[in-house]
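Q: Quick one: structure below, then a few questions.
Right, dumping it as structure tokens:
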């Protein structure tokens, strides 16, 4: 009996030890890699209650903070929060609420307030840039005690109305196929009148966050500018002709680097380029700012598999690329 | 890492895309997102520098000889290959290169028999799994390009060797797959090359 009590006591101590001070939980972002990112949040998150979410980024090998994260689209760390039935979405940053202080830049420890609107399972994806590339970390959170299993019945939709704005998604040439580049376009109208007053929001006419409906395969992209289109044209040409022209690419690169951010797509359409990595149903959150007021459209896209399983005599020639 | 003559220009383009416009100094952003959220490597478990590691190897041998079902065996081959890779990465990140030959041989062994186990006259399920394995080997290469960043200089060549083993077996796997499937891997392969390029630049 005494031994049992002792075990229970130790178990309680261990449980309490898993919480940080002030009953906070610290979650390590996935996947692993050269950077470790943690998210500190209350151990118990209640619906409708504002909480402070704190992210911290360190070098995995030394544990030292990543100093001077690069600013990308006007922010150091981009956070995308969705519940896993995709009825709520936020694109949110520390700098939306407070200017960065020197100690925050040095410690790579940023915070922002957030109110989870409904119970259920949430995913936060955070993106930051260091050493010439961006890194993405995923965090899972549970909110409230009821409806912890997110149930959703997403149907393909290419039209969405938010406030008095309607966004309509169309594809340039074909139904999206996994692994194949696809050009899409979103047409935006206000009270059925095409808009012509789109503004840059965080450095781009559009910010797009995409998940497959199982919460996997997050992607983040922006408006498909003419400069990017030119480069993709070069890539397509290279693929077809197997020719190399590094000088041409170098010139394009220098031209692009010398261009300041500029508003190109004032409306009503914004093109987007994407490659869906796997087949399935995807949820696309399309954020734009007509008249400078950011709104988010949601579209549901069916992506077909890339390959047909052919009978053996129909297999393509065994050309390895 | 081997690269064909035609890959040189593509590498330039992709570096250019990644390094050019502010806001495009990165992976993702619509171009490089093929490997977001992919399953990472499993926990290594018993390691080659542990005395009882030979028991682990014996169990693997028994398991691969005791299953009759073709698809089950293939899954075992991939599982064990991944374990070897996880062991290798863990050791290399610890700057322990003493067992690299054993790891490389084991990793190559399982991937070789896996890639040789597929045939032209196989079921749809097996062809699906062959495609999955090809996907997974690209993911191995990508994961290696990330894990190498944290490693000591002395370990880089061993990471490259593991990458080459994956790459060689990837080429064997896709040899009899459809043109559609091979084409769908174009951007994924380029992303792997780009990821390695950035990793080795930062070395």
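Protein chains in written order, with our numbering: chain A, 6 to 326; chain B, -8 to 194. Glycine is no exception: its CB is placed at the ideal position from the N, C-alpha and C atoms.
1. Use the C-beta contact count for residue 393/A: other C-beta atoms within 10 angstroms, 16 or more gives buried, fewer gives exposed.
2. Start and end of the alpha helix (DSSP H) containing residue 107/B?
3. Could you tell me which residues DSSP puts in a beta bridge with residue 56/A?
4. Nearest chain B C-beta to residue 280/A closer than 8 Å, yes or no?
5. Report yes if the C-beta distance between residue 94/A and residue 301/A is below 8 Å; otherwise report no.
6. For the pair the stretch 96 to 104 of chain A and the stretch 130 to 142 of chain A, tell me if three or more CB-CB distances fall below 8 Å.
7. Could you say which of 185/A, 272/A, 78/A lies nearest to residue 204/A if we only look at CA atoms?
8. Enumerate in chain order the residues of its own chain whose CB-to-CB distance from residue 158/A is below 7 Å, with the five nearest sequence positions on each side excluded.
9. Quick check: the stretch 81 to 93 of chain A against the stretch 30 to 38 of chain A, are at least 3 beta-carbon pairs closer than 8 Å?
10. Given a threshold of 16 other Cβ atoms within 10 Å of its Cβ, counted over all protein chains shown, does residue 306/A qualify as buried or as exposed?
11. Tell me which residues share the same chain as residue 91/B and place their Cβ nearer than 8 Å to its Cβ, disregarding the 5 neighbours each side in the sequence.
12. Below 8 Å on the Cβ atoms is my guess for residue 217/A versus residue 160/A; work out the distance and round it to an integer in Å.
13. Please confirm whether residue 28/B has its beta-carbon closer than 8 Å to some beta-carbon of chain A.
14. If you reduce the DSSP assignment to three classes, tell me which class residue 229/A lands in.
15. Using DSSP bridges, identify the partner residues of residue 112/A.
16. Find the residues of chain C that neighbour residue 42/B, judging by a C-beta separation of less than 8 Å, and give them in chain order.
17. Out of 148/A, 176/A, 177/A, 193/A, state which residue places its alpha-carbon closest to the alpha-carbon of residue 165/A.
18. Tell me which residue opens and which closes the alpha helix (DSSP H) that residue 134/B is part of.
19. If the cut is a Cβ gap below 9 Å, which residues of chain B does residue 183/A touch?
20. Determine the direct distance from the alpha carbon of residue 108/B to that of residue 181/B, and round the result to whole angstroms.
21. Spatial neighbours of residue 174/A within its chain, please: CB distance less than 7 Å, with the 5 preceding and 5 following residues excluded, ordered by chain position.
22. In whole angstroms, give me the CA-to-CA distance for residue 113/B and residue 122/B.
23. May I ask you to list the residues that DSSP assigns as paired with residue 70/A?
24. Residue 88/B by DSSP, collapsed to three states: which one?
25. Could you name the residues of chain B that residue 101/A contacts, counting a contact when the two beta carbons are closer than 8 Å?
26. Report buried or exposed for residue 309/A, applying the criterion of at least 16 other Cβ atoms within 10 angstroms of its Cβ.
27. Could you list which residues in chain B have their beta carbon closer than 7 Å to that of residue 327/A, in chain order?
28. Per DSSP, which one or two residues make a beta bridge with residue 276/A?
29. Could you tell me how far apart the beta carbons of residue 228/A and residue 270/A are, in whole angstroms, since I believe they sit closer than 8 Å?
30. Can you name, in chain order, every residue of its own chain whose Cβ lies under 7 Å from the Cβ of residue 54/B, other than the five neighbours on each side?
A: In terms of the structure at hand:
1. There is simply no residue 393/A to check, as chain A begins at 6 and stops at 326 in what is shown.
2. One-based indexing of the second chain puts residue 107/B at position 116. It spans 91 to 107 - the alpha helix (DSSP H) in which residue 107/B sits, taken as one unbroken run.
3. Residue 56/A sits at position 51 when you count from the first residue of the first chain. Paired residue(s): 119/A.
4. Translated into positions along the first chain, residue 280/A becomes position 275. Residue 280/A counts as touching chain B.
5. On the first chain, residue 94/A is found 89 positions in, with the first residue counted as 1. On the first chain, residue 301/A is found 296 positions in, with the first residue counted as 1. Contact flag set, yes.
6. no
7. The sequence position of residue 204/A within the first chain is 199, counting from 1. When only C-alpha atoms are compared, the closest one is 272/A.
8. As a working note, residue 158/A is residue 153 in the first chain. Hits under 7 Å: none found.
9. no
10. By one-based count along the first chain, residue 306/A stands at place 301. Looking at its Cβ environment, which holds 16 or more other Cβ atoms inside 10 Å, residue 306/A is buried.
11. The residue labelled residue 91/B in the question sits at position 100 within the second chain. Correct list, in chain order: 79, 82, 83, 149, 152.
12. Translated into positions along the first chain, residue 217/A becomes position 212. Translated into positions along the first chain, residue 160/A becomes position 155. Actually they do not touch by this definition, with Cβ atoms about 15 Å apart.
13. Indexing the second chain from 1 puts residue 28/B at position 37. Yes, residue 28/B counts as interfacial toward chain A.
14. The residue you call residue 229/A lines up with position 224 of the first chain. DSSP places residue 229/A in coil when its eight states are reduced to three.
15. For this step, residue 112/A is matched to residue 107 along the first chain. DSSP, once it has assigned bridges, lists no residue as partnering residue 112/A.
16. Chain labels in this structure do not include chain C; the protein chains are A and B.
17. Mapped onto the first chain, residue 165/A falls at position 160. Answer by Cα proximity: 193/A.
18. Numbered from its first residue, the second chain carries residue 134/B at position 143. 115 to 138 is the span of the alpha helix (DSSP H), which, as asked, contains residue 134/B.
19. As a working mapping, residue 183/A is identified with position 178 in the first chain. Simply 175.
20. By 1-based counting over the second chain, the position of residue 181/B is 190. By 1-based counting over the second chain, the position of residue 108/B is 117. Spanning the alpha carbons of residue 181/B and residue 108/B requires a straight line of approximately 27 Å.
21. The sequence position of residue 174/A within the first chain is 169, counting from 1. Excluding sequence neighbours, residue 174/A sits near 163, 189, 191, 304.
22. In the second chain, counting from the first residue as 1, residue 113/B sits at position 122. In the second chain, counting from the first residue as 1, residue 122/B sits at position 131. Looking at the two C-alpha atoms, the distance is approximately 13 Å.
23. Here the question's residue 70/A lines up with position 65 in the first chain. Per DSSP, 63/A.
24. One-based indexing of the second chain puts residue 88/B at position 97. Coil, per DSSP.
25. The count along the first chain starts at 1 and reaches residue 101/A at position 96. In chain order: nothing, as chain B lies at least about 18 Å away.
26. Taking the first residue of the first chain as position 1, residue 309/A is located at position 304. By the neighbour-count rule (16 or more Cβ atoms within 10 Å), residue 309/A is not buried but exposed.
27. Chain A is shown from 6 up to 326; residue 327/A falls before or after that span and cannot be answered.
28. In the first chain, residue 276/A corresponds to position 271, counting from 1. Residue 276/A pairs with 190/A.
29. By 1-based counting over the first chain, the position of residue 228/A is 223. By 1-based counting over the first chain, the position of residue 270/A is 265. With 8 Å as the limit, residue 228/A and residue 270/A qualify as a contact, their Cβ atoms being about 6 Å apart.
30. Taking the second chain and counting its residues from 1, the one referred to as residue 54/B is at position 63. If we look at residue 54/B and ignore the five residues flanking it on each side, its Cβ neighbours are 67.
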